[in-house]
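Colleague: Residue numbers (full-length UniProt numbering): 1 to 276.
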Amino acid sequence: MGCTRGLCTSQSVFIFINIAFAMYSGALLSTAARLAWDPSTYTWFRFLCAAQYRVSLAYVLAAGLWLAALVYLAVAAGAAAAAARRPAAALHTYVAGVCALALSEVAYGAWLVASLAAWWRAAPEAELARKGIDLLHDIKPALLAVERYRDVAQPLYNMIEEVEARAPNNAVIVIVFAVLAVVLQVAAVVVARRLARGGVTAGRRCEPGEVGEEEGESRKSVTRPQREPCESEHGGSATAATARDARWDAVHAQLAAAGGRPARAPTALLILHTDL
């Protein structure tokens with residue numbers, strides 16, 4: 001029963017993490033495509049911050065491809081486990097890749113913040129951006145004053161108001177998904193190291209009479225031991241065999257009541273280590 005309840009095992013968590021990594025990879029690659037080919041995205045960014053635009057485009061593309069490679073490594077580790085081979089090599093490479101990605105994120109984020117701060121203080125384009133913000137505030141009253149084109153001016157005014165009200169939401173979304181990415185990367189390293197130490201267990205259904213620990217421990221056969229054929233099972237021999245069978249049935253019952261986990265059945269373990 002314990003090995004069929006596989007929702008919270010390391011292998012299941014590892015699969016979930018890499019599904020999330022695949023989603024992040026797709027999002028980063030689509031963002032890189034927009035930065036490269038969507039004029040509504042790249043024209044203002046490239047005009048105001050040319051250096052930051054080029055570096056961001058290259059980094060977002062590289063990060064998306066790197067995440068896709070990490071997902072491939074995770075699949076390779078699962079395939080190695082399914083083929084009864086040790087997946088430790090693929091998992092160690094996976095951990096190194098996640099750590100490298102995290103370091104690159106820190107470096108890119110630090111550079112972007114520092115360069116944008118310097119850009120805002122001294123760049124001529126930053127002064128143009130400040131003037132553009134002021135112009136936007138001056139345009140709104142002018143739009144309301146245009147009577148002849150009110151049917152066009154009013155929707156434009158409403159769109160400007162909506163942009164000003166909801167633009168900060170982009171920063172909130174970026175922060176939320178950045179924090180989630182950090183959590184996923186930490187979890188990926190922890191789970192991958194755990195799987196590399198103990199091996200990836202195949203999530204198979206328990207056979208009758210078989211229990212075992214799922215994480216990092218080999219499964220132990222707890223089927224009833226077969227008695228060697230003896231010349232006679234009369235008297236003391238038959239009584240001893242019956243007693244051994246009764247003790248084994250007690251072990252099996254306690255392990256089944258504990259959900260197939262010997263750690264939860266100390267009495268069963270005590271009996272298990274006696275001479276059956």
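A virtual CB, placed ideally from N, CA and C, is assigned to each residue, including glycine.
Please say whether Ala102 and residue 277 have beta carbons closer to each other than 8 Å?
Modeller: Since the displayed the chain opens at 1 and closes at 276, residue 277 lies outside it and no answer follows.
Colleague: What's the call for Gly64, buried or exposed, on a 16-neighbour Cβ count within 10 Å?
Modeller: Classification for Gly64: buried.
Colleague: Quick one: Cα of Thr201 to Cα of Ala74, how far?
Modeller: Unreliable positioning characterises Thr201 in this predicted model, as indicated by a pLDDT of 46, which lies under 50. A coordinate reading is not provided.
Colleague: Between Leu112 and the rest of its own chain, which residues show a CB-CB distance below 8 Å, the 5 nearest in sequence each way excluded?
Modeller: Taken in chain order, the residues that qualify are Gln52, Val55 and Ser56.
Colleague: Is it a yes or a no for the region 9 to 20 touching the region 186 to 195, going by three-plus beta-carbon pairs under 8 Å?
Modeller: Yes, the region 9 to 20 touches the region 186 to 195.
Colleague: Reducing DSSP to helix, strand and coil, say where Arg148 ends up.
Modeller: Residue state, collapsed to three classes: coil.
Colleague: Any idea what DSSP makes of Pro141, helix, strand or coil?
Modeller: Helix.
Colleague: Determine the extent of the alpha helix (DSSP H) in which Ala79 is found, giving its start and end residues.
Modeller: Ala50 to Ala82 is the span of the alpha helix (DSSP H), which, as asked, contains Ala79.
Colleague: Look at Tyr59 and Tyr24 and say whether their C-beta atoms are less than 8 Å apart.
Modeller: The answer is no: Cβ separation not under 8 Å.
Colleague: Where Ile133 and Glu127 are concerned, what is the direct C-alpha to C-alpha distance, given to the nearest angstrom?
Modeller: Near 10 Å, if we compare the C-alpha coordinates of Glu127 and Ile133.
Colleague: First and last residue of the alpha helix (DSSP H) that includes Pro168?
Modeller: Where Pro168 is concerned, the enclosing alpha helix (DSSP H) stretches over Pro168 to Gly198.
Colleague: Please classify Cys99 as buried or exposed, where buried requires at least 16 neighbouring CB atoms within 10 angstroms.
Modeller: Flag for Cys99 reads exposed.
Colleague: Here's the rule I'm using: 16 or more other beta-carbon atoms within 10 Å means buried, otherwise exposed. How should Gly26 be labelled?
Modeller: Per the 10 Å Cβ criterion, exposed.
Colleague: Could you check what DSSP says for Val13 in three-state terms: helix, strand or coil?
Modeller: Val13: helix per DSSP, three-state reduction.
Colleague: Using alpha carbons as the reference points, say which of Val13, Thr9 and Gln185 lies closest to Val106.
Modeller: Selected option, being the one with the closest Cα: Gln185.
Colleague: So, are the CB atoms of Leu143 and Leu156 less than 8 Å apart?
Modeller: Yes, the pair counts as a contact, with Cβ atoms nearer than the cut-off.
Colleague: Can you say whether Gln154 is buried or exposed, counting buried as having 16 or more other CB atoms within 10 angstroms of its CB?
Modeller: Classification for Gln154: exposed.
Colleague: Starting from Cys99, trace the alpha helix (DSSP H) in both directions and tell me its first and last residue.
Modeller: That run of the alpha helix (DSSP H) goes Ala88 to Ala122.
Colleague: Between Leu35 and Glu125, how many whole angstroms is the CB-CB distance? I'm expecting something under 8 Å.
Modeller: In fact, because the Cβ distance is near 18 Å, the residues do not count as touching under 8 Å.
Colleague: May I have the straight-line CA-CA distance separating Gln11 from Leu195, to the nearest angstrom?
Modeller: For Gln11 and Leu195, the distance between alpha carbons rounds to 7 Å.
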